[in-house]
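Peer 1: Quick note: the sequence shown uses this note's numbering, first residue 7, plus one each step. Just so you know, even glycine gets a beta-carbon here, dropped at the ideal spot from N, CA and C.
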Amino acid sequence: MEASTTTAIEERPEPALAGKKYDDPLWAERYASYWEPVLAPAGRRLLDALARDGLTSDAAMAPPSGTLTLLDVGTGTGLLAIDAAQRWAGARIIGVDPSAAMVAVARRRAAGLAAANGQLEWHEAPADRLPIPDQAVDLAVSSFVFQLVPKRLAALRETFRVLRPGGLLGYVTWIKMDEPFVPRDIVDEEVGELAASWGGAAPVAGDVASVGAAARQLRRAGFQSVRAWQEELSREWTPAAYLEYVEACRNADAFASLDADARTALRDRLRARLARLPSSGFNWSAPIVFAIGRRPG
């Protein structure tokens, strides 16, 4: 998450601004409604890759307990953990996130899912201080989290600690890239000094520099059989959908700071300018990195 006005992925929180809002119950609901659907395909692709490569087969994992224990680091509103529970029937799924508000959404989502009944448990804790004993996890996954931690290497080493020998970590996050996205630039011009809604917090690790950097950090954390590759995460917005996302999520605080007349005027200006763009101008994409490594043993 580069703090840049030109990055193509600035719709996500910037490094120095990424933590505060996640603790807000209203923000957690906005995240689940507007931003999680953008990220969800990458999480599914991560689980697909693990399954496709046979890395989560009985022969590959062979948990000593006989029950696969899967950890979702930075589970957020629980989408990846719930998906994993539905894929691996009978597995024990542990979702960990530092935000009580996000975990509350995850718990509420999981409560009505018969397919995941009894499989899921939730804990509030940061990625670098997991409330899990040493060597207790067979498989760890994480989706768009390791850019938000204060020190990525520390979080990777903490995940390494809780994995059993032979256990596996697979994660996906952003790669640094500066590219234009005109709808976002229009919003930033119109909003001006009214900040985006990604509240203030301590600085975080930020996006991964490259595929090679992701692989090197996994190795530095102790992982072996490391594999990393780049893909694209894309979203085809419409003018109406993008404006709704901006007002309800990305720039919600900016809109809320205005009186009714000013809010209507801002909305009308944005609608008019966005409507003049070609439909292709709303095709957003950003580079992402998938990385997999195994604890030796």
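Let me make sure I understand the geometry here. Which of R167, Q92 and F229 has the alpha-carbon closest to that of G118?
Peer 2: If we check each option's Cα against that of G118, Q92 comes out closest.
Peer 1: Are A131 and V102 close, meaning C-beta to C-beta below 8 Å?
Peer 2: Yes, they are a contact pair.
Peer 1: Taking F166 as part of the alpha helix (DSSP H), name the residues at either end of that continuous run.
Peer 2: It spans R158 to V168 - the alpha helix (DSSP H) in which F166 sits, taken as one unbroken run.
Peer 1: Specify, as a first and last residue, the run of the alpha helix (DSSP H) that L85 falls within.
Peer 2: Looking at the DSSP string, the run of the alpha helix (DSSP H) that includes L85 is L85 to R93.
Peer 1: A146 and L77: beta carbons closer than 8 Å?
Peer 2: Taking 8 Å as the Cβ cut-off, A146 and L77 qualify as a contacting pair.
Peer 1: In whole angstroms, what is the alpha-carbon distance linking T13 and P293?
Peer 2: Because the pLDDT of T13 is 29, which lies under 50, any placement of that residue in the model is unreliable, and the question is left without a value.
Peer 1: Express the C-alpha separation of T83 and P139 in angstroms, rounding to a whole number.
Peer 2: Their backbone Cα atoms lie some 23 Å apart in a straight line.
Peer 1: If you count every other CB in all the chains shown that lies within 10 Å of the CB of W290, and 16 or more means buried, which is it?
Peer 2: So W290 ends up on the buried side.
Peer 1: Taking the CB atoms as reference points, tell me whether A57 and T81 lie closer together than 8 Å.
Peer 2: No, the pair does not count as a contact, with Cβ atoms beyond the cut-off.
Peer 1: Is it buried or exposed for S105, if we count other Cβ within 10 angstroms and need 16 for buried?
Peer 2: By the 10 Å Cβ count, S105 comes out buried.
Peer 1: Here's the rule: buried if 16 or more other CB atoms are within 10 angstroms of the residue's CB, otherwise exposed. What is W235?
Peer 2: With fewer than 16 other Cβ atoms within 10 Å, it is exposed.
Peer 1: Do L159 and R300 have their beta-carbon atoms positioned less than 8 Å apart in this structure?
Peer 2: Against a cut-off of 8 Å, the Cβ pair of L159 and R300 comes out as no contact.
Peer 1: Just to confirm, are V210 and A48 a CB contact at a threshold of 8 Å?
Peer 2: Cβ atoms of V210 and A48: not closer than 8 Å.
Peer 1: Can you name the residues that DSSP bridges to E242?
Peer 2: According to DSSP, E242 bridges with N289.
Peer 1: Whose C-alpha, out of P284, A219 and S216, is nearest the C-alpha of W243?
Peer 2: If we check each option's Cα against that of W243, P284 comes out closest.
Peer 1: Please check the pair P31 and A107, which I expect to be a contact at CB under 8 Å, by giving their CB distance rounded to whole angstroms.
Peer 2: Indeed, because the Cβ distance is near 4 Å, the residues count as touching under 8 Å.
Peer 1: Using the Cα positions of A297 and R233, report the straight-line distance between them to the nearest angstrom.
Peer 2: Going from the Cα of A297 to the Cα of R233 covers about 6 Å.
Peer 1: Drop a sphere of 10 angstroms on the beta-carbon of G206, count the other beta-carbons inside from all chains shown, and report buried for 16 or more, exposed for fewer.
Peer 2: Summary for G206: the model assigns pLDDT 46, below 50, so the residue's position carries little reliability; its value from the coordinates is reported in the next sentence. Result: exposed.
Peer 1: Apart from the five residues on each side of it in sequence, which residues of its chain come closer than 6 Å, Cβ to Cβ, to R163?
Peer 2: Counting only Cβ-Cβ distances below 6 Å, and skipping sequence neighbours, we find A227.
Peer 1: Evaluate contact between the segment 192 to 199 and the segment 247 to 262, counting only Cβ atoms and requiring at least three cross-stretch pairs below 8 Å.
Peer 2: The segment 192 to 199 is in contact with the segment 247 to 262.
Peer 1: Which first and last residues belong to the alpha helix (DSSP H) in which L145 is found?
Peer 2: Looking at the DSSP string, L145 is not in any alpha helix (DSSP H); the run it does join, the beta strand (DSSP E), is V143 to S149.
Peer 1: Count the other C-beta atoms from every protein chain shown that fall within 10 angstroms of the C-beta of D274, then say buried if there are 16 or more, exposed otherwise.
Peer 2: So D274 counts as exposed.
Peer 1: Ignore the nearest five residues each way along the sequence and tell me which others in A34's own chain have a CB closer than 6 Å to its CB.
Peer 2: Counting only Cβ-Cβ distances below 6 Å, and skipping sequence neighbours, we find A107, M108 and V111.
Peer 1: Report yes if the CB atom of A97 is closer than 8 Å to the CB atom of Q141, and no otherwise.
Peer 2: Result no, Cβ atoms of A97 and Q141 do not sit closer than 8 Å.
Peer 1: Alpha carbons only, please: which of G212, A38, D54 and V193 is nearest the one belonging to P245?
Peer 2: Answer by Cα proximity: V193.
Peer 1: Could you give the first and the last residue of the continuous beta strand (DSSP E) run that contains L53?
Peer 2: Counting along the chain, L53 falls outside any beta strand (DSSP E), though it belongs to the alpha helix (DSSP H) covering E42 to R58.
Peer 1: Nearest chain B C-beta to E35 closer than 8 Å, yes or no?
Peer 2: Reference to chain B is not applicable here, since this structure consists of a single protein chain.
Peer 1: Buried or exposed for A262, please, with buried defined as at least 16 other CB atoms from any protein chain shown within 10 angstroms of its CB.
Peer 2: Answer is exposed; the Cβ neighbour count stays below 16.
Peer 1: In angstroms with no decimal places, state the Cα-to-Cα distance between L136 and T165.
Peer 2: Distance between the alpha carbons of L136 and T165 is about 8 Å.
Peer 1: Quick one: give me the first and last residue of the alpha helix (DSSP H) that E127 is part of.
Peer 2: Element bounds for E127: not the alpha helix (DSSP H) but the beta strand (DSSP E), L126 to E130.
Peer 1: Look up F261 in the DSSP assignment and say whether it is helix, strand or coil.
Peer 2: If DSSP states are grouped into helix, strand and coil, F261 belongs with the helices.
Peer 1: Can you tell me the Cα-Cα spacing of Y28 and D54, whole angstroms?
Peer 2: If I take the Cα positions, the gap works out to 27 Å.
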